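Participant: From first to last, the protein sequence lines are chains P and V. In case it helps, this note's numbering puts the first sequence at residues 519 to 657. In case it helps, this note's numbering puts the second sequence at residues 23 to 186. All residues carry an ideal CB built from backbone N, CA and C; glycine is no exception. Computed from a prediction, not measured in an experiment: that's the story for all the values here. To start, I am sharing the structure in question, which I have written as structure tokens.
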Amino acid sequence: MALKASDLKVGDTHSERLVEDLKRTQLVMYAGASGDYNPLHTDEIFTTKVAGYPAVFAHGMLTMGMTGRMLTNYVGDGRLTKYGVRFTSQVWPGDTLDSTATVEKVSEEGGVKLVDLSVATVNQNSVVVLSGYAQARVD
Amino acid sequence: MSVKSFPIEFSHIMMFARAVGDDNPIYHDPDYAKATEVGSVIAPPTFPQAVAQFDSDYPLRPKPGKPWFGSGGSPTGVKPGQGGGGGNGGGLHAEQHFEYHRHLKPGDVLTATVKPGATWEKEGKRSGKLIFSESITEYRDQAGELVITARGVGVRTERPVEQA
Numbered sequence: 519m520a521l522k523a524s525d526l527k528v529g530d531t532h533s534e535r536l537v538e539d540l541k542r543t544q545l546v547m548y549a550g551a552s553g554d555y556n557p558l559h560t561d562e563i564f565t566t567k568v569a570g571y572p573a574v575f576a577h578g579m580l581t582m583g584m585t586g587r588m589l590t591n592y593v594g595d596g597r598l599t600k601y602g603v604r605f606t607s608q609v610w611p612g613d614t615l616d617s618t619a620t621v622e623k624v625s626e627e628g629g630v631k632l633v634d635l636s637v638a639t640v641n642q643n644s645v646v647v648l649s650g651y652a653q654a655r656v657d
Numbered sequence: 023m024s025v026k027s028f029p030i031e032f033s034h035i036m037m038f039a040r041a042v043g044d045d046n047p048i049y050h051d052p053d054y055a056k057a058t059e060v061g062s063v064i065a066p067p068t069f070p071q072a073v074a075q076f077d078s079d080y081p082l083r084p085k086p087g088k089p090w091f092g093s094g095g096s097p098t099g100v101k102p103g104q105g106g107g108g109g110n111g112g113g114l115h116a117e118q119h120f121e122y123h124r125h126l127k128p129g130d131v132l133t134a135t136v137k138p139g140a141t142w143e144k145e146g147k148r149s150g151k152l153i154f155s156e157s158i159t160e161y162r163d164q165a166g167e168l169v170i171t172a173r174g175v176g177v178r179t180e181r182p183v184e185q186a
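In structure tokens form, the structure reads like this:
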């Protein structure tokens with residue numbers, strides 16, 4: 519379902535839980551589907567003994583992908599025109615992530631109605647792991 | 023990197039959507055999709071990243087007969103190549119931006135052309151010197167139309183990111 523410009527107000531929010539107790543197996547699934555086989559995400563021996571991290575950690579793009587699900591659930595399928603993020607903190611197995619989109623602007627450009635959103639995903643300690651923006655066509 | 027053929031395929035979309043925990047039928051049910059505004063299965067917004075599967079030189083995929091820096095029975099001592107991981111493992115992903123001119127669907131065959139962007143440095147509190155580098159990827163479809171523009175920023179750190 520697409521959003522209606524006339525129903526949107528600056529400051530409106532949409533939130534979803536992206537994942538609870540993130541599993542290492544999901545990192546393996548993401549590696550396989552995306553083709554990013556960096557051992558930092560799936561190889562505990564390499565990551566702890568060679569790279570010097572406490573554990574394997576999520577691909578940034580997995581967090582962006584899960585956050586994208588929150589966005590498309592909100593704005594509708596095929597409606598995004600822009601989506602961009604910064605990865606601000608690492609995401610670890612066991613993390614629980616919640617994500618929020620906030621309406622920043624509703625506008626019309628050449629007859630196309632658009633909503634601009636800010637996007638933030640936080641972990642169970644309220645640390646922001648991803649921050650960004652999105653724009654979508656609305657009715 | 024440039025990729026001459028990035029075929030957008032139904033099963034690949036289904037697996038990618040599963041991996042990001044998205045059970046929306048628009049990614050796996052053609053009958054459902056037919057009745058929606060978009061009219062067919064489409065790819066999730068971050069799917070262009072899976073172009074790595076079609077890059078023959080992609081450094082983060084083990085290749086038969088070539089050294090690989092991930093562990094076997096124990097660490098191998100092989101140094102990660104370009105694009106390898108943080109600290110002793112190389113680079114991390116700092117930013118990613120997409121502009122969608124239209125959404126991808128099974129049957130599309132894209133080309134990807136990558137241009138290097140800016141590079142810059144910053145002193146980080148938790149990981150020493152940070153070297154950022156940007157790249158811009160243009161995805162064009164079988165008709166030569168620009169469908170997605172992607173801008174990625176990678177960062178190489180002097181040492182592993184310290185944990186708070």
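Could you check if Y54/V is buried or exposed, using at least 16 other CB atoms within 10 Å of its CB as the buried criterion?
Facilitator: That one is exposed.
Participant: What are the start and end residues of the beta strand (DSSP E) that includes S33/V?
Facilitator: Run containing S33/V: none in the beta strand (DSSP E); it sits in the alpha helix (DSSP H), F32 to A41.
Participant: Mind listing the chain P neighbours of E167/V? Cutoff is C-beta to C-beta under 8 Å, in chain order.
Facilitator: Neighbours of E167/V on chain P: none; closest Cβ ~16 Å, over 8 Å.
Participant: Can you list, in chain order, the residues of its chain whose CB lies under 6 Å from that of T531/P, leaving out five sequence neighbours each side?
Facilitator: The residues are T618 and T620.
Participant: Does L660/P pass the burial test, meaning 16 or more other C-beta atoms within 10 Å, or should it be called exposed?
Facilitator: Because residue 660/P is not part of the residues shown, which for chain P are 519 to 657, the question remains open.
Participant: Output, in chain order, the set of chain P residues within a Cβ distance shorter than 7 Å of G92/V.
Facilitator: Near G92/V (Cβ distances below 7 Å), the residues of chain P are P557, D561 and F564.
Participant: Which residues, taken in chain order from the region 116-146 of chain V, show a beta carbon closer than 7 Å to some beta carbon of chain P?
Facilitator: Of all residues in the region 116-146 of chain V, A116, E117, Q118, H119, F120, E121, Y122 and H125 have a Cβ within less than 7 Å of some Cβ in chain P.
Participant: Using three-state DSSP, classify R587/P as helix, strand or coil.
Facilitator: R587/P: helix per DSSP, three-state reduction.
Participant: Quick one: what's got a C-beta closer than 8 Å to P47/V's C-beta in the same chain, skipping five residues either side?
Facilitator: Closer than 8 Å at Cβ, skipping near neighbours: Y54 and A55.
Participant: Within a Cβ cutoff of 8 Å, which residues of the same chain sit near L168/V, ignoring the five residues on either side of it in sequence?
Facilitator: So the qualifying residues of the chain are H123, E160, Y161 and R162.
Participant: Count the C-beta pairs between the region 120-135 of chain V and the region 61-69 of chain V that are closer than 8 Å, then say yes if the count reaches three, no if not.
Facilitator: Enough Cβ pairs lie closer than 8 Å, so yes.
Participant: Rounding to the nearest angstrom, what Cα-Cα distance links P81/V and S607/P in this structure?
Facilitator: So the alpha carbons of these two residues sit roughly 24 Å apart.
Participant: Just verifying my parser: in three-state terms, what is the DSSP assignment at Q544/P?
Facilitator: Reduced to three states, the DSSP call for Q544/P is helix.
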